[in-house]
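Structure first, then comments.
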Amino acid sequence: MSGVVWLALDGVGHPSDAPPGSVWEQDLPTLRPLIDAGLALDATLGVPGLPQSGTGQTCWLTGTDAVRYMGEHFGPHPGPTLQRLLRRASLPMRLAEAGLRPALANHYVPQYLEAQARRPRMGCFPFSFTAAGLPLNPPGVPPLGATLGLNYRAPFAALQSLAEVSQLGQRLALAAHEHDLIVADLWFGDLLGHLGRPEGPSPEAQDAAFAYLARVDALLTGVLDAGARVVIGSDHGNLENLNTKAHTVARVPFAGVGVELGMATTVVEAGQTIAGWFGLDSVDDGQSRAPRSPD
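Read in order, the letters of the sequence shown are residues 26 to 320 in my numbering.
So this is what it looks like as structure tokens:
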């Protein structure tokens with residue numbers, strides 16, 4: 026299967042598990058119907074504690090129970106234990122080895138690249154792509170800012186219009202004609218989710234959270250308008266409940282257009298499903314519990 030755009034949400038729980046008044050309760054004409062028609066997946070994997078990005082994203086990327094492999098929920102960045110698993114079994118690695126063409130659409134500014142050169146601390150998605158020998162800021166792929174046109178800092182002013190975000194989605198879809206998989210690592214949702222408070226977020230944080238999900242809707246609209254196949258998933262809950270600054274145990278979305286979702290019930294099974302679209306077998310799970318090492 027070729028030409029899939031993966032919108033990898035970070036910290037966005039399923040609307041079915043969101044409290045009243047959540048970011049899902051707004052006009053999302055493309056995103057909400059797609060999510061409602063898709064699946065709601067378990068991200069806890071039967072392990073106590075709150076799901077984290079390191080293990081959650083590794084589950085999606087490898088189709089392996091990274092929480093069991095790690096021995097706990099762990100994040101936000103993959104340490105040595107998860108890095109070993111990602112080097113062996115991540116989807117970008119396996120696609121590249123099969124001669125297919127994956128790309129990470131995120132734009133990384135020079136300051137980020139310089140910081141990584143001094144102290145490597147990449148998230149699971151950039152780590153997996155670079156470990157596979159694939160470039161950041163790849164040529165031929167429109168650069169995607171994970172804030173989707175919002176300012177990174179409060180008051181999170183809009184730097185791009187919704188129409189411009191939708192046009193970016195169209196350009197991603199066109200680039201997908203030359204790639205087998207294009208990934209958008211949409212980590213800004215988790216950052217905004219951490220601005221939640223028991224008494225409720227500040228007005229500017231709440232406005233930014235609602236605005237961000239509306240921008241995901243605009244990006245998705247552009248991708249679909251240009252005819253690409255698309256998959257949407259998330260690693261854990263957070264943004265859907267702004268009454269807490271922590272992650273949540275909410276189920277997470279798994280939805281798509283032009284792809285078969287199968288019967289996945291967990292983020293591990295969803296990762297296996299995505300790999301299967303490209304003819305990749307499940308990863309051998311015989312070493313699913315790794316020897317512990319400091320992370």
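Note that beta-carbon positions come from the ideal geometry of N, C-alpha and C, so glycine has one too. Model, not experiment: these values are computed from the prediction.
- For the beta strand (DSSP E) assignment, the uninterrupted runs of no fewer than 3 residues enclosed by the stretch 212 to 271 are, from N- to C-terminal side, 254 to 259.
- Annotation for Phe235: Val48, Gln51 place their beta carbon closer than 7 Å to its own, counting only its chain and skipping 5 residues before and after.
- Closest in C-alpha terms to Ala243, from the list Arg222, Pro226, Glu189, comes Glu189.
- For Pro127, the secondary structure class from DSSP, reduced to helix, strand or coil, is strand.
- Per DSSP, the continuous alpha helix (DSSP H) segment holding Leu116 begins and ends at 116 to 122.
- The residue from Met288, Arg113, Leu75 with its alpha-carbon nearest to that of Ala157 is Arg113.
- With 16 or more other CB atoms across the displayed protein chains lying within 10 angstroms of its CB, Glu294 is buried.
- Contact check between the stretch 223 to 230 and the stretch 183 to 202: fewer than three CB pairs, one atom from each, fall below 8 Å, which does not count as touching.
- Between Trp85 and Val292 the beta-carbon gap is near 6 Å, inside 8 Å, which marks them as a contact.
- Annotation for Asp205: Met26, Ser27, Gly28, Val29, Leu120, Leu125, Arg126, Pro127, Phe303 place their beta carbon closer than 8 Å to its own, counting only its chain and skipping 5 residues before and after.
- For Pro76, the number of other beta carbons within 10 angstroms of its own is at least 16, and it is reported as buried.
- Judged by DSSP in its simplified three-state form, Ala295 adopts helix.
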